[in-house]
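Chemist:
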Amino acid sequence: MGAKPPLTPPTTSGIVGKGGVAPVELVYTFINRFINIYIMGDDFKTILNASYKPQAQAKQDLENKGYTYDKDLSTMNSKVFVDKEGNANIVYRGSTRVSDWFKNPLIAVGLQKYDPDFIKAKQLAKDVSVKYNSKPTVYGHSRGGSIAEYVGKDAKQINTYNKGAGIDTIGKKVSKNQHDYRARFDPISILGTTQKGNITSLSSSINPLKAHSTRINFSQ
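For this note's numbering, count along the sequence shown from 1 and bump the result up by 9.
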């Protein structure tokens, strides 16, 4: 099972009890918490961390979680893997090279469409769709999260963590198939809090470097 977004409870209008909380809402809250802590949290961390690792190590880590690694389409910048149901996934890496840091200002000013890595990422998603006959679920941390968001309609589902957010994100509504997660004290994704959509804020260290890392805490 891949790292899926939390469940959204159905409308509880008309079934709220005397205490003001509908039983069905309590059930969905419990299920949502279970998924966050025990399923999504574990897989999501593995997936994001794999994006930064050499391919051999990423392959091993993902296969230990039951995924099949696609060595033909994977690169150091983006890892492609398939779950047990045959659903394709891509995780995009954040900044690791000097060249990444030189290109990151394009994200800050909303000109990431001129970044070659973003263009290649979109093409990869299309190539994966052709190979596996369905759009992939995409993931990314920091710069990788910005890339995942840029893939947009070429992805079935978008999951980001502490994505790099520029001025073009201010007030923008994220697509229905996107779920953004951010550490509460992460500075890189702060502009993302102005967006409207499926956005979850998680507890974190007040240290900005630790908050921006892939140390995700889904227990809060």
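Ideal placement from N, C-alpha and C gives every residue a C-beta, glycine not left out.
Fair warning: this is a prediction, and the values are worked out from it, not measured in the lab.
1) Along the chain, which unbroken stretches of the alpha helix (DSSP H) at least 4 residues long are found entirely within the region 113-173?
2) On the criterion of 16 or more Cβ atoms from any shown chain inside 10 Å, does LEU7 qualify as buried, or is it exposed?
3) Could you check whether SER87 and ILE99 sit closer than 7 Å to each other, using their CB atoms as the reference points?
4) Please classify ASN216: is it buried, with 16 or more other beta-carbons within 10 angstroms of its beta-carbon, or exposed?
5) With H, G and I counted as helix, E and B as strand and the rest as coil, what does DSSP make of LYS181?
6) Taking only the alpha-carbon atoms, compute the straight-line gap between ASN207 and PRO114 and give it to the nearest angstrom.
7) Would you give the residue range spanned by the alpha helix (DSSP H) that ASN73 belongs to?
8) Measure the C-alpha to C-alpha separation of LYS62 and GLY153 and round it to an integer number of angstroms.
9) Need the endpoints of the beta strand (DSSP E) that LEU211 sits in, please.
10) Between the C-alpha atoms of VAL118 and ASP177, what's the straight-line distance to the nearest angstrom?
11) Using the C-alpha atoms, what's the distance from GLY95 back to ILE179?
12) Three-state secondary structure (DSSP) at THR203?
13) Determine the DSSP secondary structure at ILE84, reduced to helix, strand or coil.
14) Is the CB-CB distance between PHE111 and TYR159 below 7 Å?
Modeler: Result, derived from the coordinates:
1) DSSP runs (the alpha helix (DSSP H)) wholly in the region 113-173: 125-141, 152-160.
2) There is no way to answer for residue 7, as the model of the chain reaches only from 10 to 229.
3) For the 7 Å CB-CB criterion, ILE99 and SER87 form a contact.
4) It is exposed - the Cβ of ASN216 has fewer than 16 other Cβ atoms within 10 Å.
5) Of the three classes helix, strand and coil, the one that applies to LYS181 here is coil, per DSSP.
6) Each residue's Cα considered, the two are about 25 Å apart.
7) Note, ASN73: alpha helix (DSSP H), 64-73.
8) Cα to Cα, LYS62 sits roughly 14 Å from GLY153.
9) Following the DSSP letters along the chain, one finds LEU211 inside the beta strand (DSSP E) bounded by residues 208-211.
10) In a straight line, the C-alpha of VAL118 is about 7 Å away from that of ASP177.
11) Looking at the backbone, the Cα of ILE179 and that of GLY95 are separated by about 36 Å.
12) Here THR203 sits in helix by DSSP.
13) Checking the sequence, you will find Thr at residue 84 rather than Ile. Coil, per DSSP.
14) In this structure, TYR159 does not lie closer than 7 Å to PHE111 by Cβ.
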